[in-house]
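A.B. asks: Each residue of the sequence shown is one higher than the one before, counting from 1 in UniProt numbering.
Submitted below is the structure of interest, expressed as structure tokens.
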Amino acid sequence: MSLIISNIALHFLSKQAETGEVQIRYGAESLAISNKIQSFMESLHNIYNKKGNKGYGHFSSMPAEGDEARFVDIMESYLSDVQDFNSFSQQATNLLKNELTKYDLAETGYLVLSHYEHMGGRYLIAAIIPISEHYSVDSELNISADQHLDTDKLQLAARIDLFDYQQNPAGDRYVTFIRGRAGRKVSDFFLDFLGCEEGLNAKAQTQALVEAVEDYVAVNQLDADEKQQTRKELVSYCKEQKESSQDVQIKEIDKIVSNGDGGDSFYEFCKTQDYQIEESFPHDQAVVNKVTKYSGFGNGISVSFERSHFGQDVVYNQANDSLTIYKVPPNLKDQLLKLLNDQNDQ
Numbered sequence: 001m002s003l004i005i006s007n008i009a010l011h012f013l014s015k016q017a018e019t020g021e022v023q024i025r026y027g028a029e030s031l032a033i034s035n036k037i038q039s040f041m042e043s044l045h046n047i048y049n050k051k052g053n054k055g056y057g058h059f060s061s062m063p064a065e066g067d068e069a070r071f072v073d074i075m076e077s078y079l080s081d082v083q084d085f086n087s088f089s090q091q092a093t094n095l096l097k098n099e100l101t102k103y104d105l106a107e108t109g110y111l112v113l114s115h116y117e118h119m120g121g122r123y124l125i126a127a128i129i130p131i132s133e134h135y136s137v138d139s140e141l142n143i144s145a146d147q148h149l150d151t152d153k154l155q156l157a158a159r160i161d162l163f164d165y166q167q168n169p170a171g172d173r174y175v176t177f178i179r180g181r182a183g184r185k186v187s188d189f190f191l192d193f194l195g196c197e198e199g200l201n202a203k204a205q206t207q208a209l210v211e212a213v214e215d216y217v218a219v220n221q222l223d224a225d226e227k228q229q230t231r232k233e234l235v236s237y238c239k240e241q242k243e244s245s246q247d248v249q250i251k252e253i254d255k256i257v258s259n260g261d262g263g264d265s266f267y268e269f270c271k272t273q274d275y276q277i278e279e280s281f282p283h284d285q286a287v288v289n290k291v292t293k294y295s296g297f298g299n300g301i302s303v304s305f306e307r308s309h310f311g312q313d314v315v316y317n318q319a320n321d322s323l324t325i326y327k328v329p330p331n332l333k334d335q336l337l338k339l340l341n342d343q344n345d346q
């Protein structure tokens, strides 16, 4: 199996609605790595990887408040074999309890802490798994309820790339985390628990990359077809990197974008124009996709089309705020004709 678990701990936190008191129920001192545990962690790893709205950060250099150790301190204590994983996980759970007490949040559930390896990388993941109820019926039609870990609703999780952290402790991206839901400060609360600060802004880096590509193809006077082909190749490359959980590399993008007519390469262009783009970085695929497609939704209308169709098959009239679509897609045309027939029959 590609995922190798070194240690895993599971502890339960609940918050009393009446008093706001947070209670802890510690799990087993040592969990045997059974097939079920293996499958659970592989599922959690995959779900975390697929979460698109991630932030990137690093441990804060600020000292801990009072005598309480920081998460990074107890993690270091475990990694250096000063204490075992169970002691580390219980201390981490108490840190989480203290943060939950400060916030008016009902974010309780099972805290999973796991140290594992995957594809040559070493990671420490911390996640609060919410609980959902499910119901079953026996042969006598008796209904019973039970609880299960609802990993599909994962919102509070962070993962530390231990290789990156240990080799580049001054870096700004060795911690990844799921950003909070709209209007909630859950990601802030979880970062406080870990003692982390947000670092690299993947969305801003990607926007700078897209801007640089658009400027480069404009300066080199590529025709409309060449520009669109370059954009498509950029989207394809970035998609492949996202699917394999790899950073985009400016030197690799250089091979896709650079003009072969003796002018500056894309890499040189980025450096001379000072776009402030990292040599490599985790990107935001949604931002990249916009270079080839335009889309929008509102008032019950959803529209999406490739950039190359704008001004030809799709025409926008700014004067009367209307959009005219020529060459209607066949499947949409069939639905429209059926709708017209139904209206005529009425």
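All residues carry an ideal CB built from backbone N, CA and C; glycine is no exception.
Is it true that the CB of THR108 sits closer than 8 Å to the CB of LEU13?
C.D. replies: Result yes, Cβ atoms of LEU13 and THR108 sit closer than 8 Å.
A.B. asks: Looking at C-beta atoms only, is the number of pairs between the stretch 237-251 and the stretch 301-320 that lie closer than 8 Å three or more?
C.D. replies: The answer is no - the stretch 301-320 does not touch the stretch 237-251, with fewer than three Cβ pairs under 8 Å.
A.B. asks: Roughly how many whole angstroms lie between the Cα atoms of LEU154 and ASP172?
C.D. replies: Whole-angstrom Cα-Cα distance: 24 Å.
A.B. asks: From what residue to what residue does the beta strand (DSSP E) around ASN7 run?
C.D. replies: From DSSP, the beta strand (DSSP E) with ASN7 extends over 3-15.
A.B. asks: Return the first residue and the last residue of the beta strand (DSSP E) that LYS293 is part of.
C.D. replies: It spans 293-298 - the beta strand (DSSP E) in which LYS293 sits, taken as one unbroken run.
A.B. asks: For GLY27, does the count of other Cβ atoms within 10 angstroms reach 16, so buried, or fall short, so exposed?
C.D. replies: Flag for GLY27 reads buried.
A.B. asks: Roughly how many angstroms separate the alpha carbons of ASP164 and GLU21, rounded to a whole number?
C.D. replies: Distance between the alpha carbons of ASP164 and GLU21: 37 Å.
A.B. asks: Looking only at its own chain, which residues have a Cβ that is under 8 Å from the Cβ of ASP264, when we skip the five neighbours before and after it?
C.D. replies: THR272, listed in sequence order.
A.B. asks: Using DSSP with H/G/I as helix, E/B as strand and the rest coil, what is GLN205?
C.D. replies: The answer is helix: DSSP assigns GLN205 an H, G or I state.
A.B. asks: Can you tell me which of GLU117, ASN168, LEU96, ASP84 puts its alpha carbon nearest to the alpha carbon of ILE4?
C.D. replies: The option with the nearest alpha carbon to ILE4 is GLU117.
A.B. asks: If you run the structure through DSSP and keep just helix, strand and coil, what is ILE256?
C.D. replies: It is helical.
A.B. asks: Where do the ends of the beta strand (DSSP E) carrying GLN23 lie?
C.D. replies: Note, GLN23: beta strand (DSSP E), 22-25.
A.B. asks: I'd like the list of long-range same chain contacts for GLU76, defined as Cβ closer than 6 Å, with 5 residues on each side in sequence excluded.
C.D. replies: Closer than 6 Å at the Cβ level, and outside the excluded window around GLU76, lies no residue.
A.B. asks: Using the beta-carbon count (16 or more within 10 Å), is THR206 buried or exposed?
C.D. replies: By the neighbour-count rule (16 or more Cβ atoms within 10 Å), THR206 is buried.
A.B. asks: Residues in the same chain with beta-carbon distance under 8 Å from ASP342, minus the five sequence neighbours each way, listed in chain order, please.
C.D. replies: Hits under 8 Å: none found.
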